[in-house]
Amino acid sequence: MANDTDTSELGQAIQEVTEKLSLLFREEIELAKTEMVEKVTKLLKGAVIGLVAGVFALFGLIYLLEGAAWAIWLGLDGDGNNFWVGFVIVALLLFVFGALGAFIAARLFKRAAPPTPQMAIEEGKLIKETVTSSHPAITQGPKT
0 MANDTDTSEL GQAIQEVTEK LSLLFREEIE LAKTEMVEKV TKLLKGAVIG
50 LVAGVFALFG LIYLLEGAAW AIWLGLDGDG NNFWVGFVIV ALLLFVFGAL
100 GAFIAARLFK RAAPPTPQMA IEEGKLIKET VTSSHPAITQ GPKT
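Residue numbers (numbering that gives the first Met the number 0): 0 to 143.
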């Protein structure tokens, strides 16, 4: 009789542990969801504020470039009606800087090779050698 009581108590203990583990897992999942919602909300707020700051910076750059154009005009011929000369000079400078940036970017893209998982490829070769040969392969580490 004592054996039946021990078995039923053991069964109840297992059931209680299972229920508590289930509750623990559900609470952990809920906590993870809450944390992710908070992080995504903060990221979105930061992105929106960054976007607004970028718009303000863009408009500031436009006015700065316009001011530079007027300053160039005043420096060259402030008394004449050819104020457009300053704007043309600023535009040409912007085109030169843009072309220089495009040239540098093109060179960097040509030099870049597609990314390959070298360590994974080497590990795959070692596994293949180990499976196909009678002697195990020795790990050599990444090549530098």
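We put the beta carbon where it would ideally sit given N, CA and C, even for glycine.
DSSP places Gly79 in no alpha helix (DSSP H); its state is neither H nor E. Taking a C-beta distance under 8 angstroms as the contact criterion, Ala67 and Val89 qualify as a contact pair.
Straight across, the Cα-Cα distance linking Ala98 with Arg106 is about 12 angstroms.
A straight line joining the alpha-carbon of Val39 with that of Lys127 spans about 43 angstroms.
Nearest neighbour of Phe86 by Cα position, chosen from Leu22, Glu65, Glu121 and Arg25, turns out to be Glu65. Unbroken alpha helix (DSSP H) stretches of 4 residues or longer found wholly inside the region 21–85: none.
For Ser7, the secondary structure class from DSSP, reduced to helix, strand or coil, is helix. Per DSSP, Ala111 lies in no alpha helix (DSSP H) segment and is marked neither H nor E. A Cβ-Cβ separation of about 21 angstroms leaves Phe58 out of contact with Trp72 under the 8 angstroms criterion.
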